[in-house]
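Take a look at the structure below.
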Amino acid sequence: MLARLTIFGLLSAWGQANIIKATSGQIQDVPLPDNLLIGAAVSAFQTEGMWNKGGKSESMVDHVLHTGRLGSLGYKNPHDSDNAADSYHRFKDDIAIAKKLKLQVYRFSISWSRVLPEGDVAKPNMEGVQYYHDLIGEILEQGLIPFATVYHFDHPQVLEDQFRGWQSREMIPKFRDYARFVFNEFSSKVQLWATINEPSVMCSYFGTLLITAGLVQAENYDTYKCMHHITLAHAEAYRAFKEDKLPGRVGVNTWIVTAKPNTTSIEDSFAAEVFNQLQAGSVLHPIVFGDYPELVKTFTGHLRPEFTPAEKEIMRGATDFISLNIYDEGNVGYKDPDSTPETLPFSGSAVIVEKSTYGTDFISFRFADAQGRRSENLPSYNVAPQAMQNSLLWTWQRYKLPIMVAENGIFLKKGMDEKLRTAYYSAYLRAVVSAVNDFKVNVMGYIVWSLIDTFEWSSGYDEKYGIAAVDYESGSLNRSLKSPPDFWLQIAEKRVIPFVEVPQSSSSPSSYRLVTTKALLLAIVLSVSHVVQMV
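If you want it as C-alpha coordinates, here you go:
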(Lines of atoms letter the chains of each structure in order from A and count residues from 1; the text may use other names and numbers.)
(Lines give C-alpha, C1' and ligand atoms only; values in the text may rest on other atoms or scores of the structure.)
Protein backbone atom coordinates (compact mmCIF):
# COMPACT_ATOMS: atom_id res chain seq x y z
CA MET A 1 0.00 0.00 0.00
CA LEU A 2 2.79 2.41 0.91
CA ALA A 3 4.48 1.83 -2.45
CA ARG A 4 1.20 2.65 -4.15
CA LEU A 5 0.94 5.83 -2.10
CA THR A 6 4.41 6.88 -3.25
CA ILE A 7 3.48 6.26 -6.89
CA PHE A 8 0.33 8.33 -6.40
CA GLY A 9 2.43 11.16 -5.03
CA LEU A 10 4.78 11.09 -8.03
CA LEU A 11 1.91 11.01 -10.52
CA SER A 12 0.19 13.84 -8.70
CA ALA A 13 3.33 15.96 -8.78
CA TRP A 14 3.74 15.37 -12.52
CA GLY A 15 0.13 16.32 -13.17
CA GLN A 16 0.39 19.45 -11.03
CA ALA A 17 3.43 20.53 -13.01
CA ASN A 18 1.41 20.17 -16.20
CA ILE A 19 -1.43 22.27 -14.77
CA ILE A 20 0.97 25.00 -13.69
CA LYS A 21 2.64 24.94 -17.09
CA ALA A 22 -0.69 25.21 -18.86
CA THR A 23 -1.97 28.04 -16.69
CA SER A 24 1.13 30.19 -16.36
CA GLY A 25 3.92 29.60 -18.85
CA GLN A 26 1.82 28.76 -21.89
CA ILE A 27 -1.20 31.01 -22.26
CA GLN A 28 -3.42 28.98 -24.51
CA ASP A 29 -6.84 27.46 -24.73
CA VAL A 30 -7.12 23.79 -23.80
CA PRO A 31 -9.39 21.46 -25.82
CA LEU A 32 -12.12 19.68 -23.89
CA PRO A 33 -12.55 15.91 -24.24
CA ASP A 34 -15.41 15.17 -26.61
CA ASN A 35 -17.65 13.43 -24.08
CA LEU A 36 -17.09 15.69 -21.07
CA LEU A 37 -20.40 17.23 -20.00
CA ILE A 38 -20.50 20.76 -18.54
CA GLY A 39 -23.27 21.91 -16.23
CA ALA A 40 -24.33 23.72 -13.08
CA ALA A 41 -26.20 22.77 -9.93
CA VAL A 42 -28.79 23.96 -7.43
CA SER A 43 -30.60 22.18 -4.59
CA ALA A 44 -34.20 22.23 -3.43
CA PHE A 45 -33.72 23.48 0.12
CA GLN A 46 -31.20 26.15 -0.86
CA THR A 47 -33.23 27.69 -3.69
CA GLU A 48 -36.90 26.66 -3.81
CA GLY A 49 -38.43 28.49 -0.85
CA MET A 50 -42.12 27.73 -0.21
CA TRP A 51 -41.05 25.79 2.86
CA ASN A 52 -44.60 25.16 4.08
CA LYS A 53 -46.66 25.73 0.95
CA GLY A 54 -47.68 23.71 -2.06
CA GLY A 55 -48.36 20.70 0.16
CA LYS A 56 -44.81 20.55 1.50
CA SER A 57 -44.27 19.56 5.12
CA GLU A 58 -41.57 20.83 7.46
CA SER A 59 -38.26 19.16 6.74
CA MET A 60 -35.69 18.24 9.36
CA VAL A 61 -33.56 21.18 8.20
CA ASP A 62 -36.51 23.59 8.37
CA HIS A 63 -37.22 22.41 11.88
CA VAL A 64 -33.71 22.68 13.29
CA LEU A 65 -33.14 26.14 11.77
CA HIS A 66 -36.49 27.38 13.02
CA THR A 67 -35.52 26.65 16.62
CA GLY A 68 -33.36 29.79 16.53
CA ARG A 69 -30.75 28.06 18.70
CA LEU A 70 -27.89 27.89 16.21
CA GLY A 71 -26.33 31.29 16.80
CA SER A 72 -23.15 29.70 18.15
CA LEU A 73 -22.66 28.08 14.73
CA GLY A 74 -23.12 31.36 12.87
CA TYR A 75 -26.82 31.17 11.97
CA LYS A 76 -28.26 34.65 12.36
CA ASN A 77 -31.85 34.48 11.14
CA PRO A 78 -33.81 31.27 11.78
CA HIS A 79 -36.08 32.02 8.82
CA ASP A 80 -33.38 33.01 6.31
CA SER A 81 -34.02 29.96 4.15
CA ASP A 82 -37.82 30.06 4.13
CA ASN A 83 -38.09 31.89 0.81
CA ALA A 84 -34.55 31.35 -0.50
CA ALA A 85 -34.41 32.26 -4.21
CA ASP A 86 -38.09 31.36 -4.74
CA SER A 87 -37.10 28.92 -7.45
CA TYR A 88 -40.40 27.15 -6.82
CA HIS A 89 -41.95 29.95 -8.86
CA ARG A 90 -38.88 31.10 -10.82
CA PHE A 91 -37.34 27.84 -12.00
CA LYS A 92 -37.84 28.90 -15.61
CA ASP A 93 -35.62 31.92 -14.97
CA ASP A 94 -32.91 29.64 -13.55
CA ILE A 95 -33.09 27.24 -16.46
CA ALA A 96 -33.01 30.16 -18.91
CA ILE A 97 -29.65 31.20 -17.43
CA ALA A 98 -28.27 27.70 -17.98
CA LYS A 99 -29.50 27.79 -21.56
CA LYS A 100 -28.01 31.24 -22.16
CA LEU A 101 -24.63 29.89 -21.03
CA LYS A 102 -25.14 26.87 -23.30
CA LEU A 103 -24.57 24.44 -20.47
CA GLN A 104 -25.37 20.79 -21.06
CA VAL A 105 -26.42 19.53 -17.61
CA TYR A 106 -28.84 20.98 -15.05
CA ARG A 107 -28.37 19.35 -11.66
CA PHE A 108 -31.16 19.80 -9.09
CA SER A 109 -32.55 17.95 -6.11
CA ILE A 110 -36.00 16.69 -5.24
CA SER A 111 -37.35 17.61 -1.82
CA TRP A 112 -38.42 14.50 0.07
CA SER A 113 -40.69 16.61 2.29
CA ARG A 114 -42.38 18.13 -0.78
CA VAL A 115 -43.05 14.84 -2.55
CA LEU A 116 -43.87 12.69 0.50
CA PRO A 117 -44.73 15.18 3.27
CA GLU A 118 -45.65 12.38 5.69
CA GLY A 119 -42.76 10.17 4.60
CA ASP A 120 -45.30 7.65 3.33
CA VAL A 121 -45.37 6.50 -0.31
CA ALA A 122 -49.08 5.79 0.08
CA LYS A 123 -49.68 9.52 0.66
CA PRO A 124 -47.81 11.48 -2.02
CA ASN A 125 -48.30 15.21 -2.44
CA MET A 126 -49.36 15.37 -6.07
CA GLU A 127 -48.87 19.14 -6.21
CA GLY A 128 -45.23 18.59 -5.31
CA VAL A 129 -44.91 15.74 -7.78
CA GLN A 130 -46.34 17.95 -10.53
CA TYR A 131 -43.88 20.71 -9.65
CA TYR A 132 -40.96 18.40 -10.42
CA HIS A 133 -42.62 17.20 -13.62
CA ASP A 134 -42.86 20.85 -14.66
CA LEU A 135 -39.26 21.53 -13.65
CA ILE A 136 -37.89 18.52 -15.50
CA GLY A 137 -40.08 19.26 -18.50
CA GLU A 138 -38.64 22.77 -18.73
CA ILE A 139 -35.08 21.44 -18.43
CA LEU A 140 -35.71 19.11 -21.35
CA GLU A 141 -37.58 21.78 -23.33
CA GLN A 142 -34.51 24.02 -23.14
CA GLY A 143 -32.25 21.25 -24.42
CA LEU A 144 -30.53 20.42 -21.13
CA ILE A 145 -29.84 17.06 -19.48
CA PRO A 146 -31.52 16.71 -16.06
CA PHE A 147 -29.32 15.30 -13.28
CA ALA A 148 -31.51 14.65 -10.23
CA THR A 149 -30.42 14.16 -6.64
CA VAL A 150 -33.09 12.23 -4.75
CA TYR A 151 -32.13 13.51 -1.29
CA HIS A 152 -30.19 16.66 -0.36
CA PHE A 153 -30.50 16.82 3.46
CA ASP A 154 -34.24 17.61 3.58
CA HIS A 155 -36.15 14.54 4.82
CA PRO A 156 -39.55 15.12 6.45
CA GLN A 157 -39.37 16.13 10.12
CA VAL A 158 -42.05 13.54 10.85
CA LEU A 159 -39.40 10.83 10.39
CA GLU A 160 -37.32 12.44 13.13
CA ASP A 161 -40.39 12.56 15.36
CA GLN A 162 -41.28 8.93 14.70
CA PHE A 163 -37.91 7.19 15.04
CA ARG A 164 -35.06 9.77 15.08
CA GLY A 165 -34.32 9.68 11.35
CA TRP A 166 -30.97 8.23 10.31
CA GLN A 167 -30.25 7.05 13.86
CA SER A 168 -32.73 4.25 13.18
CA ARG A 169 -32.64 1.36 10.70
CA GLU A 170 -36.27 2.20 9.97
CA MET A 171 -34.95 5.00 7.78
CA ILE A 172 -33.48 2.50 5.31
CA PRO A 173 -36.78 1.10 3.94
CA LYS A 174 -38.33 4.57 4.16
CA PHE A 175 -35.63 5.97 1.89
CA ARG A 176 -35.71 2.97 -0.44
CA ASP A 177 -39.46 3.35 -0.92
CA TYR A 178 -39.17 7.11 -1.43
CA ALA A 179 -36.37 6.67 -3.97
CA ARG A 180 -38.29 3.94 -5.78
CA PHE A 181 -41.32 6.23 -5.98
CA VAL A 182 -39.22 9.06 -7.42
CA PHE A 183 -37.36 6.78 -9.84
CA ASN A 184 -40.56 5.33 -11.26
CA GLU A 185 -42.29 8.71 -11.40
CA PHE A 186 -39.54 10.54 -13.31
CA SER A 187 -37.29 7.93 -14.97
CA SER A 188 -38.93 8.42 -18.36
CA LYS A 189 -37.45 11.95 -18.30
CA VAL A 190 -34.35 11.59 -16.09
CA GLN A 191 -31.57 9.09 -16.73
CA LEU A 192 -28.84 10.57 -14.52
CA TRP A 193 -29.36 10.16 -10.78
CA ALA A 194 -27.64 10.59 -7.43
CA THR A 195 -29.41 9.02 -4.49
CA ILE A 196 -27.95 11.07 -1.62
CA ASN A 197 -25.90 14.24 -1.41
CA GLU A 198 -22.84 14.06 0.86
CA PRO A 199 -23.66 11.30 3.37
CA SER A 200 -20.76 12.31 5.61
CA VAL A 201 -22.04 15.89 5.86
CA MET A 202 -25.58 14.71 6.51
CA CYS A 203 -24.44 12.55 9.41
CA SER A 204 -21.86 14.86 10.94
CA TYR A 205 -22.72 18.50 10.28
CA PHE A 206 -26.47 18.10 10.55
CA GLY A 207 -26.01 15.93 13.61
CA THR A 208 -24.14 18.85 15.12
CA LEU A 209 -27.08 21.14 14.29
CA LEU A 210 -29.50 18.80 16.03
CA ILE A 211 -27.28 18.62 19.11
CA THR A 212 -26.64 22.37 19.23
CA ALA A 213 -30.36 23.10 18.91
CA GLY A 214 -31.05 20.82 21.87
CA LEU A 215 -33.16 18.44 19.81
CA VAL A 216 -30.81 15.52 20.46
CA GLN A 217 -28.45 14.80 23.33
CA ALA A 218 -24.84 14.38 22.21
CA GLU A 219 -24.53 11.02 23.96
CA ASN A 220 -27.56 9.77 22.01
CA TYR A 221 -26.25 10.75 18.58
CA ASP A 222 -24.01 8.26 16.76
CA THR A 223 -22.34 9.54 13.59
CA TYR A 224 -21.16 6.08 12.58
CA LYS A 225 -24.60 4.55 12.96
CA CYS A 226 -26.00 7.31 10.76
CA MET A 227 -23.31 6.70 8.13
CA HIS A 228 -23.95 2.96 8.24
CA HIS A 229 -27.68 3.38 7.73
CA ILE A 230 -27.40 6.02 5.02
CA THR A 231 -24.90 3.94 3.03
CA LEU A 232 -27.17 0.91 3.22
CA ALA A 233 -30.12 3.09 2.21
CA HIS A 234 -28.26 4.15 -0.93
CA ALA A 235 -27.56 0.52 -1.79
CA GLU A 236 -31.18 -0.50 -1.25
CA ALA A 237 -32.35 2.37 -3.47
CA TYR A 238 -29.84 1.38 -6.15
CA ARG A 239 -31.08 -2.23 -6.09
CA ALA A 240 -34.68 -1.01 -6.36
CA PHE A 241 -33.75 0.98 -9.48
CA LYS A 242 -32.18 -2.09 -11.06
CA GLU A 243 -34.97 -4.44 -10.00
CA ASP A 244 -37.50 -2.18 -11.71
CA LYS A 245 -35.36 -2.27 -14.88
CA LEU A 246 -35.41 1.49 -15.29
CA PRO A 247 -33.23 3.27 -17.83
CA GLY A 248 -30.35 5.39 -16.60
CA ARG A 249 -27.40 5.48 -14.22
CA VAL A 250 -27.31 5.93 -10.45
CA GLY A 251 -24.56 7.15 -8.11
CA VAL A 252 -24.18 8.96 -4.78
CA ASN A 253 -22.68 12.44 -4.34
CA THR A 254 -19.63 12.07 -2.10
CA TRP A 255 -17.76 15.02 -0.63
CA ILE A 256 -14.03 14.47 -0.89
CA VAL A 257 -11.19 16.52 0.59
CA THR A 258 -8.03 14.84 -0.63
CA ALA A 259 -5.14 14.93 1.80
CA LYS A 260 -1.60 15.24 0.49
CA PRO A 261 1.31 13.85 2.51
CA ASN A 262 3.19 16.79 3.94
CA THR A 263 6.51 15.11 3.17
CA THR A 264 7.67 12.02 1.29
CA SER A 265 8.05 10.09 4.54
CA ILE A 266 6.28 6.77 4.96
CA GLU A 267 4.57 8.12 8.07
CA ASP A 268 3.08 11.15 6.33
CA SER A 269 1.95 9.05 3.36
CA PHE A 270 0.25 6.67 5.74
CA ALA A 271 -1.39 9.54 7.63
CA ALA A 272 -2.74 11.01 4.40
CA GLU A 273 -4.21 7.68 3.33
CA VAL A 274 -5.84 7.21 6.74
CA PHE A 275 -7.41 10.65 6.40
CA ASN A 276 -8.64 9.98 2.85
CA GLN A 277 -10.12 6.60 3.71
CA LEU A 278 -11.93 7.94 6.76
CA GLN A 279 -13.17 11.02 4.93
CA ALA A 280 -14.19 9.55 1.54
CA GLY A 281 -13.34 5.85 1.47
CA SER A 282 -15.84 5.07 4.22
CA VAL A 283 -18.58 5.97 1.71
CA LEU A 284 -17.04 4.88 -1.59
CA HIS A 285 -15.43 1.58 -0.62
CA PRO A 286 -18.64 -0.11 0.63
CA ILE A 287 -20.66 0.73 -2.48
CA VAL A 288 -17.91 -0.59 -4.76
CA PHE A 289 -16.44 -3.52 -2.80
CA GLY A 290 -19.17 -4.26 -0.25
CA ASP A 291 -17.45 -3.31 2.99
CA TYR A 292 -15.48 -0.60 4.74
CA PRO A 293 -11.81 -0.22 3.78
CA GLU A 294 -9.36 -2.15 5.93
CA LEU A 295 -7.88 1.06 7.32
CA VAL A 296 -11.31 2.26 8.36
CA LYS A 297 -12.05 -1.06 10.05
CA THR A 298 -8.65 -1.04 11.75
CA PHE A 299 -9.08 2.37 13.31
CA THR A 300 -12.84 2.69 13.72
CA GLY A 301 -14.23 -0.82 13.30
CA HIS A 302 -14.99 -1.15 17.00
CA LEU A 303 -17.18 1.95 16.76
CA ARG A 304 -19.09 1.10 13.57
CA PRO A 305 -21.87 -1.44 13.05
CA GLU A 306 -20.77 -4.33 10.85
CA PHE A 307 -22.37 -5.19 7.53
CA THR A 308 -23.90 -8.66 7.50
CA PRO A 309 -22.94 -11.05 4.67
CA ALA A 310 -26.29 -10.33 3.01
CA GLU A 311 -25.76 -6.57 3.32
CA LYS A 312 -22.29 -6.87 1.80
CA GLU A 313 -23.85 -8.50 -1.25
CA ILE A 314 -26.37 -5.68 -1.54
CA MET A 315 -23.60 -3.10 -1.15
CA ARG A 316 -21.08 -4.60 -3.57
CA GLY A 317 -21.24 -2.84 -6.94
CA ALA A 318 -24.12 -0.59 -5.85
CA THR A 319 -23.18 2.32 -8.09
CA ASP A 320 -22.85 2.97 -11.81
CA PHE A 321 -20.44 5.87 -11.39
CA ILE A 322 -18.73 7.84 -8.64
CA SER A 323 -20.07 11.32 -8.09
CA LEU A 324 -17.68 13.68 -6.29
CA ASN A 325 -18.13 17.11 -4.71
CA ILE A 326 -14.65 18.63 -4.86
CA TYR A 327 -13.63 21.94 -3.31
CA ASP A 328 -10.55 21.80 -1.12
CA GLU A 329 -7.43 19.87 -0.27
CA GLY A 330 -5.11 19.81 2.71
CA ASN A 331 -1.67 18.73 3.80
CA VAL A 332 -1.55 15.91 6.30
CA GLY A 333 1.34 14.74 8.44
CA TYR A 334 1.89 12.18 11.16
CA LYS A 335 3.18 13.19 14.55
CA ASP A 336 3.86 11.04 17.57
CA PRO A 337 2.63 13.26 20.42
CA ASP A 338 5.59 12.15 22.54
CA SER A 339 8.10 13.45 20.01
CA THR A 340 9.72 16.87 19.73
CA PRO A 341 9.84 19.45 18.37
CA GLU A 342 6.21 20.54 18.40
CA THR A 343 6.58 22.60 15.22
CA LEU A 344 6.54 20.84 11.85
CA PRO A 345 7.37 22.51 8.52
CA PHE A 346 4.03 22.51 6.74
CA SER A 347 3.67 24.03 3.28
CA GLY A 348 0.05 24.97 3.86
CA SER A 349 -2.67 24.74 6.45
CA ALA A 350 -2.82 21.23 7.76
CA VAL A 351 -4.38 18.43 9.68
CA ILE A 352 -2.01 16.34 11.77
CA VAL A 353 -2.68 12.65 12.37
CA GLU A 354 -1.45 11.68 15.81
CA LYS A 355 -0.88 8.39 17.52
CA SER A 356 -3.52 8.42 20.21
CA THR A 357 -2.80 7.98 23.87
CA TYR A 358 -5.95 5.86 24.08
CA GLY A 359 -4.46 2.80 22.41
CA THR A 360 -3.25 1.45 19.09
CA ASP A 361 -6.79 0.94 17.79
CA PHE A 362 -7.54 4.64 18.06
CA ILE A 363 -6.40 7.59 16.03
CA SER A 364 -6.92 11.31 16.47
CA PHE A 365 -6.62 14.46 14.41
CA ARG A 366 -5.79 18.01 15.24
CA PHE A 367 -5.61 21.18 13.19
CA ALA A 368 -2.38 23.05 12.63
CA ASP A 369 -1.31 26.33 11.11
CA ALA A 370 1.07 26.68 8.15
CA GLN A 371 4.05 26.00 10.43
CA GLY A 372 2.51 22.86 11.88
CA ARG A 373 1.79 24.46 15.25
CA ARG A 374 -1.31 23.54 17.19
CA SER A 375 -4.24 25.71 16.11
CA GLU A 376 -7.59 26.33 17.73
CA ASN A 377 -8.90 27.97 14.56
CA LEU A 378 -10.68 26.39 11.64
CA PRO A 379 -8.37 25.31 8.84
CA SER A 380 -8.02 27.51 5.77
CA TYR A 381 -7.63 25.35 2.71
CA ASN A 382 -5.60 26.27 -0.33
CA VAL A 383 -8.10 26.65 -3.15
CA ALA A 384 -5.95 25.21 -5.92
CA PRO A 385 -6.51 23.21 -9.11
CA GLN A 386 -4.34 20.44 -7.69
CA ALA A 387 -7.23 19.67 -5.32
CA MET A 388 -9.31 18.66 -8.33
CA GLN A 389 -6.64 16.51 -9.91
CA ASN A 390 -5.59 14.85 -6.65
CA SER A 391 -9.18 13.89 -5.86
CA LEU A 392 -9.74 12.46 -9.32
CA LEU A 393 -6.49 10.49 -9.25
CA TRP A 394 -7.03 9.13 -5.75
CA THR A 395 -10.56 7.99 -6.62
CA TRP A 396 -9.72 6.57 -10.05
CA GLN A 397 -6.71 4.65 -8.78
CA ARG A 398 -8.83 2.85 -6.19
CA TYR A 399 -12.20 2.32 -7.84
CA LYS A 400 -11.78 2.50 -11.64
CA LEU A 401 -15.34 3.70 -12.22
CA PRO A 402 -16.51 6.68 -14.29
CA ILE A 403 -16.41 9.88 -12.24
CA MET A 404 -18.83 12.79 -12.29
CA VAL A 405 -17.63 16.02 -10.70
CA ALA A 406 -21.03 16.90 -9.25
CA GLU A 407 -19.91 20.08 -7.45
CA ASN A 408 -16.98 22.45 -7.73
CA GLY A 409 -16.97 26.16 -7.08
CA ILE A 410 -15.73 29.18 -5.21
CA PHE A 411 -17.54 31.84 -3.24
CA LEU A 412 -16.68 35.51 -3.48
CA LYS A 413 -17.83 38.19 -1.10
CA LYS A 414 -19.72 41.17 -2.47
CA GLY A 415 -17.39 43.59 -4.22
CA MET A 416 -14.66 41.08 -5.07
CA ASP A 417 -13.45 40.86 -8.67
CA GLU A 418 -15.66 38.36 -10.52
CA LYS A 419 -12.82 37.62 -12.91
CA LEU A 420 -11.30 35.57 -10.11
CA ARG A 421 -14.27 33.18 -10.29
CA THR A 422 -13.76 32.68 -14.01
CA ALA A 423 -10.03 32.17 -13.49
CA TYR A 424 -10.87 29.56 -10.87
CA TYR A 425 -13.11 27.63 -13.26
CA SER A 426 -10.50 27.86 -16.00
CA ALA A 427 -7.80 26.42 -13.74
CA TYR A 428 -9.96 23.66 -12.26
CA LEU A 429 -11.28 22.59 -15.64
CA ARG A 430 -7.70 22.35 -16.90
CA ALA A 431 -7.00 20.06 -13.95
CA VAL A 432 -9.90 17.85 -15.04
CA VAL A 433 -8.56 17.71 -18.59
CA SER A 434 -5.08 16.88 -17.31
CA ALA A 435 -6.51 13.96 -15.32
CA VAL A 436 -8.32 12.72 -18.43
CA ASN A 437 -5.48 13.18 -20.92
CA ASP A 438 -2.41 12.46 -18.80
CA PHE A 439 -3.77 9.71 -16.56
CA LYS A 440 -6.72 8.34 -18.58
CA VAL A 441 -9.22 9.02 -15.81
CA ASN A 442 -12.78 8.48 -17.06
CA VAL A 443 -14.52 11.76 -16.15
CA MET A 444 -18.14 12.01 -17.27
CA GLY A 445 -18.71 15.67 -16.54
CA TYR A 446 -17.99 18.81 -14.55
CA ILE A 447 -20.81 20.50 -12.65
CA VAL A 448 -20.41 23.98 -11.16
CA TRP A 449 -21.71 24.83 -7.72
CA SER A 450 -23.72 26.85 -8.19
CA LEU A 451 -25.82 28.16 -11.06
CA ILE A 452 -27.30 30.96 -8.93
CA ASP A 453 -26.47 32.38 -5.51
CA THR A 454 -28.11 30.14 -2.92
CA PHE A 455 -28.73 29.90 0.81
CA GLU A 456 -25.35 28.74 2.13
CA TRP A 457 -26.21 27.45 5.59
CA SER A 458 -24.56 29.41 8.43
CA SER A 459 -23.27 31.99 5.95
CA GLY A 460 -26.79 32.78 4.78
CA TYR A 461 -26.47 34.70 1.52
CA ASP A 462 -23.00 36.17 2.16
CA GLU A 463 -21.11 33.36 0.44
CA LYS A 464 -21.92 33.85 -3.23
CA TYR A 465 -21.09 30.78 -5.30
CA GLY A 466 -23.41 31.52 -8.21
CA ILE A 467 -22.50 32.18 -11.81
CA ALA A 468 -25.62 34.32 -11.67
CA ALA A 469 -26.52 36.75 -8.89
CA VAL A 470 -29.84 36.79 -7.07
CA ASP A 471 -30.92 40.14 -5.68
CA TYR A 472 -31.57 39.15 -2.08
CA GLU A 473 -30.74 42.64 -0.80
CA SER A 474 -33.72 44.41 -2.35
CA GLY A 475 -35.97 41.38 -2.08
CA SER A 476 -36.72 41.37 -5.81
CA LEU A 477 -34.83 38.07 -6.24
CA ASN A 478 -34.10 39.05 -9.83
CA ARG A 479 -31.40 37.00 -11.56
CA SER A 480 -28.48 38.46 -13.49
CA LEU A 481 -25.19 37.14 -14.82
CA LYS A 482 -22.21 38.40 -12.84
CA SER A 483 -19.87 38.34 -15.84
CA PRO A 484 -20.31 38.26 -19.61
CA PRO A 485 -21.09 34.70 -20.75
CA ASP A 486 -18.10 34.52 -23.12
CA PHE A 487 -16.14 31.98 -21.04
CA TRP A 488 -18.98 29.47 -21.00
CA LEU A 489 -19.93 30.13 -24.62
CA GLN A 490 -16.40 29.36 -25.79
CA ILE A 491 -16.54 26.10 -23.87
CA ALA A 492 -19.87 25.23 -25.50
CA GLU A 493 -19.20 26.45 -29.04
CA LYS A 494 -15.48 25.80 -29.47
CA ARG A 495 -15.09 23.00 -26.90
CA VAL A 496 -12.02 24.66 -25.41
CA ILE A 497 -11.22 26.02 -21.95
CA PRO A 498 -10.21 29.65 -22.37
CA PHE A 499 -7.19 30.77 -20.40
CA VAL A 500 -8.24 33.38 -17.84
CA GLU A 501 -5.54 35.33 -16.08
CA VAL A 502 -6.02 35.98 -12.40
CA PRO A 503 -6.69 39.68 -11.76
CA GLN A 504 -3.66 41.46 -10.35
CA SER A 505 -5.59 42.55 -7.27
CA SER A 506 -6.24 38.93 -6.31
CA SER A 507 -4.16 36.01 -5.21
CA SER A 508 -3.64 33.29 -7.77
CA PRO A 509 -5.89 30.22 -7.65
CA SER A 510 -2.98 28.19 -6.29
CA SER A 511 -2.60 30.43 -3.27
CA TYR A 512 -6.04 32.01 -2.86
CA ARG A 513 -7.10 30.88 0.59
CA LEU A 514 -10.48 31.00 2.24
CA VAL A 515 -12.09 29.68 5.36
CA THR A 516 -15.01 28.26 3.42
CA THR A 517 -18.26 26.70 4.54
CA LYS A 518 -16.77 23.40 3.43
CA ALA A 519 -13.80 23.96 5.72
CA LEU A 520 -16.25 24.56 8.55
CA LEU A 521 -18.06 21.36 7.65
CA LEU A 522 -14.79 19.44 7.68
CA ALA A 523 -13.99 20.79 11.11
CA ILE A 524 -17.29 19.49 12.38
CA VAL A 525 -16.97 16.19 10.50
CA LEU A 526 -13.67 15.63 12.28
CA SER A 527 -14.67 16.85 15.71
CA VAL A 528 -18.13 15.35 16.08
CA SER A 529 -17.26 11.71 15.48
CA HIS A 530 -16.09 9.54 18.33
CA VAL A 531 -12.78 8.62 16.78
CA VAL A 532 -11.69 11.85 15.15
CA GLN A 533 -10.90 14.48 17.67
CA MET A 534 -9.25 17.85 17.87
CA VAL A 535 -6.62 17.49 20.59
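FYI, the numbering for the sequence shown is -17 to -1, 1 to 518, going by mature numbering (1 follows the signal peptide of the UniProt record, and there is no 0).
A virtual CB, placed ideally from N, CA and C, is assigned to each residue, including glycine.
- Cβ contact annotation for M43 (same chain, cutoff 6 Å, sequence separation greater than five): H138, Q140 and E143, in chain order.
- Closest in alpha carbon position to F158, among S170, F136, K172 and L175, is F136.
- Assigned with DSSP and collapsed to three states, A105 falls in coil, not helix or strand.
- Look at L99 here: in three-state DSSP terms it is coil, with no helix or strand label.
- Judged by pairs of C-beta atoms under 8 Å, the segment 367 to 385 does not touch the segment 435 to 449, as fewer than three such pairs exist.
- Within the same chain, and ignoring the five residues on either side of L278 in sequence, the residues whose Cβ sits closer than 7 Å to its Cβ are E256, V257 and Q260.
- Given a length threshold of 3 residues, each whole run of the beta strand (DSSP E) inside the segment 438 to 470 is given here in chain order: 451 to 453 and 462 to 464.
- For a cut-off of 8 Å, the C-beta gap from N308 to A389 is around 6 Å, short enough to register as a contact.
- Under the three-state reduction of DSSP, G57 is assigned to coil, being neither helix nor strand.
- Non-local C-beta neighbours of A452 in its own chain, meaning closer than 8 Å and more than five positions away in sequence, comprise I435, D436, R462, S463, L464 and K465, ordered along the chain.
- Around the Cβ of N60, a 10 Å sphere holds fewer than 16 other Cβ atoms; the residue is exposed.
- Counting only runs of at least 3 residues, the segment 157 to 229 fully encloses the following beta strand (DSSP E) elements, listed from N- to C-terminal order: 175 to 180.
- One Cα belongs to L84, the other to E121, and the distance between them is close to 16 Å.
- The beta carbons of I119 and K172 sit about 5 Å from each other, so the pair counts as a contact at 8 Å.
- About 4 Å separates the beta carbon of E446 from that of F394, a gap short enough to meet the 8 Å contact definition.
- Exclusion of the five residues before and after Q125 leaves I78 and K82 as the residues of its chain whose Cβ lies within less than 6 Å of its Cβ.
- I78: member of the alpha helix (DSSP H) spanning S70 to K83, first to last residue.
- Residue pairing for T241: DSSP places it in a beta bridge opposite E312.
- Counted as a single uninterrupted DSSP element, the alpha helix (DSSP H) harbouring T378 occupies residues P368 to Y382.
- Here G197 has R52 as same chain residues with Cβ atoms under 7 Å from its own Cβ, once five neighbours each way along the sequence are excluded.
- Going by C-alpha positions, E289 is about 15 Å away from I155.
- Exclusion of the five residues before and after F146 leaves E153 as the residues of its chain whose Cβ lies within less than 6 Å of its Cβ.
- Leaving aside the five residues that flank F164 on each side, the residues in its chain whose CB is nearer than 8 Å to its CB run, in chain order, V98, L99, V104 and P107.
- Beta-bridge partners of I430 (DSSP): G22.
- A direct Cα-to-Cα measurement between E168 and G37 gives close to 18 Å.
- One thing to note: T302 has its Cβ no nearer than 8 Å to the Cβ of V266.
- Closest by C-alpha distance to Y408, out of Q369, F422, G443 and S64, is Q369.
- Pairing L286 with Y207 gives a Cβ-Cβ distance under 8 Å.
- A263 sits in a helix when the DSSP states are folded into three classes.
- Taking C-alpha positions only, C209 is separated from C186 by approximately 6 Å.
- At the C-beta level, L123 and F166 stay beyond 8 Å of one another.
- Annotation for A216: I155 and F158 place their beta carbon closer than 6 Å to its own, counting only its chain and skipping 5 residues before and after.
- For the 8 Å CB-CB criterion, A131 and F91 form a contact.
- For E277, the enclosing alpha helix (DSSP H) covers residues E277 to T283.
- C-alpha of P16 to C-alpha of G111: approximately 38 Å in a straight line.
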